[in-house]
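Novice: Numbering (this note's numbering), first residue to last: 16 to 306. Have a look at the structure that comes next, please.
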Amino acid sequence: MKRRELIIRSAQLGMASALRWTVPTAMAGIVRAVSGEPNASMPRALPTADQIAWQDLELGMFVHFAPNTWQDTESDNLTTPLSEINPKNLDTDQWAQTAISFGAKYIVFVAKHQGGFCMWQTKTTDYSIRNTPWRGGHGDVLADIAASCRKYGLKLGVYVCPRDDHFGAKTGGICKTPDLQARYDAMYREQLTEILSRYGELVEVWFDGSTATPVSDLLAKHQPHAMVFQGPSATIRWVGNEDGFAPNPCWNGIDRAEAKTGTATSLNSDPDGDVWLPNEVDVSIRRPEWF
């Protein structure tokens with residue numbers, strides 16, 4: 016079946032505007048409606064049960080909280096003394112209530128952004144909430160938001176940026192030398208293990224910009240049902256813009272080789288693709304910036 020033929024005939028059936036098909040039997044029915052009979056030899060991209068559950072959540076909320084909150088800059092410039100990071104009035108219940116107020120079913124919390132600051136109790140780096148005066152150095156923002164999500168019936172996801180400016184790891188967690196790469200890989204894997212194993216079931220894990228550090232084994236061991244955003248183990252992908260809109264059509268099918276790049280977007284969509292890799296659409300409230 017050719018992509019052009021499928022688009023044309025789907026439009027005639029009034030289906031071209033649909034962004035997703037969540038029921039495998041419905042998708043099989045569409046194939047039959049278009050081609051007359053299903054082609055047994057044609058690879059058919061179908062969602063897993065976990066992907067269906069994630070897509071049915073429909074709407075989530077990002078919470079982006081880092082040293083650049085104090086700096087009022089787009090990215091952490093590493094200039095804020097840790098002694099000044101003391102969010103005494105932090106109320107993660109308020110975050111959860113805000114999510115519920117507009118119909119969100121999950122929160123993705125930025126536990127570590129590209130500056131490298133860690134918002135949970137970790138000994139892998141000095142650049143973390145543990146070394147601030149907040150709650151005498153015992154505060155854990157990730158633990159707080161996890162508790163609030165449980166309290167209000169929301170699912171929790173985490174953003175754990177592979178880039179780390181404090182360490183010197185660039186996009187994807189790529190370092191300048193093999194020695195630095197080995198050290199960073201070990202640190203990042205330990206950080207990820209802490210997050211994946213301490214805070215309960217996660218619905219989504221973000222690897223913004225993909226990750227060069229091997230993490231597939233950790234995901235399979237600790238969070239086998241979580242959706243994975245970007246990276247070689249991706250089960251969902253970035254739509255390709257931060258405008259809050261997906262292109263039309265926006266197929267969930269994609270070629271397997273494209274899926275394995277870890278950086279595929281909606282531009283790589285293919286109705287004849289053999290892998291189901293749904294798109295996640297994101298938008299900030301401080302357009303066009305995030306901070």
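No residue lacks a Cβ here, since even glycine has one placed at the ideal position from N, Cα and C. None of these values were measured; they are calculated from a predicted model.
Given D200, which residues of its chain have a CB within under 6 Å of its CB, disregarding the five upstream and five downstream residues?
Specialist: Residue numbering aside, residue 200 sits at position 185 when the sequence shown is read from its first letter. T228, listed in sequence order.
Novice: Where does I115 sit, in a helix, a strand or coil, going by DSSP?
Specialist: On the sequence shown, residue 115 is found 100 positions in, with the first residue counted as 1. Here I115 sits in helix by DSSP.
Novice: Which runs of the beta strand (DSSP E) at least 3 residues long sit entirely within the stretch 161-203? Give them in chain order.
Specialist: Here the runs fully enclosed are 170-175.
Novice: Among T107, L282 and V175, which residue has its Cα nearest to the Cα of L207?
Specialist: Reading the sequence shown from its first residue, position 192 is the one you call residue 207. Out of T107, L282 and V175, V175 has the C-alpha closest to the C-alpha of L207.
Novice: Just the Cα atoms here: how many angstroms apart are S225 and M134?
Specialist: Working through the sequence shown from its first residue, we reach residue 225 at position 210. Working through the sequence shown from its first residue, we reach residue 134 at position 119. Each residue's alpha carbon lies about 21 Å from the other.
Novice: Where does the unbroken beta strand (DSSP E) through A68 begin, and where does it stop?
Specialist: Locating residue 68 in the sequence shown gives position 53, counting from the first residue. Premise fails: A68 lies in the alpha helix (DSSP H), A64 to L72, not in any beta strand (DSSP E).
Novice: Answer with buried or exposed for N92, where buried requires no fewer than 16 other C-beta atoms within 10 angstroms of its C-beta.
Specialist: Locating residue 92 in the sequence shown gives position 77, where the first residue counts as 1. Result: exposed.
Novice: According to DSSP, what are the bridge partners of V123?
Specialist: Position 108 of the sequence shown, counting from 1, holds the residue named residue 123. V123 pairs with F77 and G172.
Novice: Nearer than 8 Å: is that true of the beta carbon of L195 relative to any heavy atom of the ligand FMN?
Specialist: As far as ligands go, the structure on display features none, and thus does not contain the ligand FMN.
Novice: Could you give the uninterrupted runs of the beta strand (DSSP E) lying entirely in the stretch 227-263, keeping only those of 3 residues or more?
Specialist: The stretch 227-263 contains these whole beta strand (DSSP E) runs: 242-244.
Novice: Per DSSP, which one or two residues make a beta bridge with W221?
Specialist: Position 206 of the sequence shown, counting from 1, holds the residue named residue 221. DSSP lists Y174 and F244 as partners of W221.
Novice: Let's see if you can read the secondary structure: which residues bound the alpha helix (DSSP H) around T84?
Specialist: Counting from 1 along the sequence shown, the entry for residue 84 is found at position 69. Segment P82 to Q86, the alpha helix (DSSP H) holding T84.
Novice: Taking the CB atoms as reference points, tell me whether V156 and F117 lie closer together than 9 Å.
Specialist: The count along the sequence shown starts at 1 and reaches residue 156 at position 141. The count along the sequence shown starts at 1 and reaches residue 117 at position 102. Result no, Cβ atoms of V156 and F117 do not sit closer than 9 Å.
Novice: In angstroms, rounded to a whole number, what distance separates the CA positions of P210 and D287?
Specialist: If you number the sequence shown from 1, residue 210 lands on position 195. If you number the sequence shown from 1, residue 287 lands on position 272. Per the sequence shown, residue 210 should be read as Ile rather than Pro. If I take the Cα positions, the gap works out to 37 Å.
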